[in-house]
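Data first, discussion second: the structure below is written as structure tokens.
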Amino acid sequence: MNDFVPLWDGGPKFRQSEHFKLGTDSVLLADFVNIGSRRKGVDLGCGSGILPLLLLSRDARLCMTGLEINPEAAEAARDNLTANGLSGRGSVVVGDIRRVKEHFRSGEFDLVVANPPYFAEGTGRQSPDEAKAAARTETNCTLNDICRAAAYLCRTGGVFCLVHRAERLCDVLCALREHGLEPKRLRTVSHDAKKAPSLVLVEARRGGAAGLKLMPPLFVRNIDGTETDEILRIYHREGTP
């Protein structure tokens, strides 16, 4: 079993499970989320709990619930919350996103987040590890399932934030609107200024009016290969050589 390791100096401690590793996309999504006055959030498919951990660490007034179908990952998420003294504001429910009504009331949350599987079944590289494959491929739930669940859970005026592959942006926007989630903010993520975007960060509002704000792109690296100032800020590495 891996030890708990601080995500940055003085930051929350995190222990990865064997099948659910810490990824850049979840860290970028946590930074993208505008918590504002929102006080009750849910992470659809929380894995080892990195998104609830990062969001709870940002705002002491926020409470988060993780929904996770894999019991091993759910237990790892609980351990991460407990190790950081956050079990009073964070909890994990073992359950299927497609059966979300069995676990929660309609409109129970004002913030919903998700780092869903990126690949439709039959596309992308298939992992022989069943848990890893489910995290990458729409085996247990599709993008449509995710958006349907988010629309059910999110109160009117609440927001749903997700990260996805740039090549599926059209699918994301169409699925959101189909379920009454109006896209309001969009940010692309590229390796550097010369590369096409690989990820998109999207915020949608339940029952929101039309009008999408395109934010400045996020670059991970400068052209010389060094990390950009924004990535250093996100990872709390400002001032490091």
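First residue of the sequence shown? That's 601 in my numbering, and the numbers climb one at a time after it.
Note that the Cβ used here is the ideal one computed from N, Cα and C, for glycine as well.
Keep in mind the model is a prediction, meaning the values are calculated, not measured.
Is the distance from the Cβ of residue i to the Cβ of residue j below 9 Å?
{"i": "S704", "j": "V633", "result": "The sequence given here has Phe at residue 704, not Ser. No. Outside cutoff."}
{"i": "G647", "j": "M664", "result": "no"}
{"i": "R765", "j": "L799", "result": "yes"}
{"i": "V712", "j": "G758", "result": "yes"}
{"i": "A630", "j": "L651", "result": "yes"}
{"i": "P816", "j": "R837", "result": "no"}
{"i": "D696", "j": "C741", "result": "yes"}
{"i": "L776", "j": "E782", "result": "yes"}
With DSSP run on the structure shown, which of helix, strand or coil describes residue i?
{"i": "K701", "result": "helix"}
{"i": "L622", "result": "coil"}
{"i": "C774", "result": "helix"}
{"i": "L769", "result": "helix"}
{"i": "R615", "result": "coil"}
{"i": "P606", "result": "strand"}
{"i": "C663", "result": "strand"}
{"i": "S727", "result": "Confidence at S727 is low in this model, with a pLDDT of 49, below 50, so the placement of that residue is unreliable and no value is reported for it."}
{"i": "V633", "result": "coil"}
{"i": "A733", "result": "Confidence in A733 is poor, its pLDDT being 48 and thus under 50, which makes the residue's placement unreliable; the coordinate value appears in the next sentence. Residue state, collapsed to three classes: helix."}
{"i": "P671", "result": "helix"}
{"i": "V627", "result": "helix"}
{"i": "A796", "result": "coil"}
{"i": "P716", "result": "coil"}
{"i": "R821", "result": "strand"}
{"i": "E708", "result": "coil"}
{"i": "R689", "result": "coil"}
Rounding to the nearest angstrom, what Cα-Cα distance links residue i and residue j in this structure?
{"i": "R658", "j": "L628", "result": "14 Å"}
{"i": "P717", "j": "G645", "result": "9 Å"}
{"i": "K784", "j": "E618", "result": "36 Å"}
{"i": "E702", "j": "Y835", "result": "37 Å"}
{"i": "E675", "j": "A720", "result": "27 Å"}
{"i": "A810", "j": "L753", "result": "21 Å"}
{"i": "G685", "j": "E668", "result": "20 Å"}
{"i": "A733", "j": "R678", "result": "Any reading at A733 needs caution, since the residue's pLDDT is 48, under 50, leaving its predicted position unreliable; the model's value is listed next. Looking at the two C-alpha atoms, the distance is approximately 22 Å."}
{"i": "T739", "j": "R699", "result": "15 Å"}
{"i": "L622", "j": "T756", "result": "32 Å"}
{"i": "G636", "j": "L655", "result": "11 Å"}
{"i": "T828", "j": "S790", "result": "11 Å"}
{"i": "V802", "j": "L812", "result": "10 Å"}
{"i": "P671", "j": "V694", "result": "6 Å"}
{"i": "G649", "j": "A804", "result": "22 Å"}
{"i": "G610", "j": "A660", "result": "16 Å"}
{"i": "S687", "j": "L681", "result": "5 Å"}
{"i": "P797", "j": "V763", "result": "12 Å"}
{"i": "C761", "j": "I831", "result": "19 Å"}
{"i": "T814", "j": "N602", "result": "In the sequence as presented, Thr is not what sits at residue 814; that position holds Leu. Rounded to whole angstroms, L814 to N602 spans 40 Å at the Cα level."}
{"i": "C774", "j": "G780", "result": "10 Å"}
{"i": "T826", "j": "A749", "result": "39 Å"}
{"i": "K795", "j": "D745", "result": "31 Å"}
{"i": "A625", "j": "A673", "result": "The displayed chain sequence assigns Asp, not Ala, to residue 625. Those two C-alpha atoms are separated by around 18 Å."}
{"i": "K640", "j": "R833", "result": "26 Å"}
{"i": "R638", "j": "L653", "result": "16 Å"}
{"i": "W608", "j": "E778", "result": "39 Å"}
Give me, in chain order, the residues of the same chain whose beta-carbon lies closer than 7 Å to that of residue i; leave out the 5 immediate sequence neighbours on both sides.
{"i": "D771", "result": "L743"}
{"i": "A793", "result": "F819 and I823"}
{"i": "F604", "result": "K613, F614, R615 and A683"}
Among the residues of its own chain, which have a CB less than 6 Å from the CB of residue i, if the five just before and after it don't count?
{"i": "P606", "result": "K613"}
{"i": "L769", "result": "V800"}
Which one of the options has the shortest CA to CA distance from residue i?
{"i": "G808", "options": "A751, R639, M815 and N680", "result": "A751"}
{"i": "N715", "options": "R699, S687, E708 and C747", "result": "C747"}
{"i": "G707", "options": "S626, R806 and P671", "result": "R806"}
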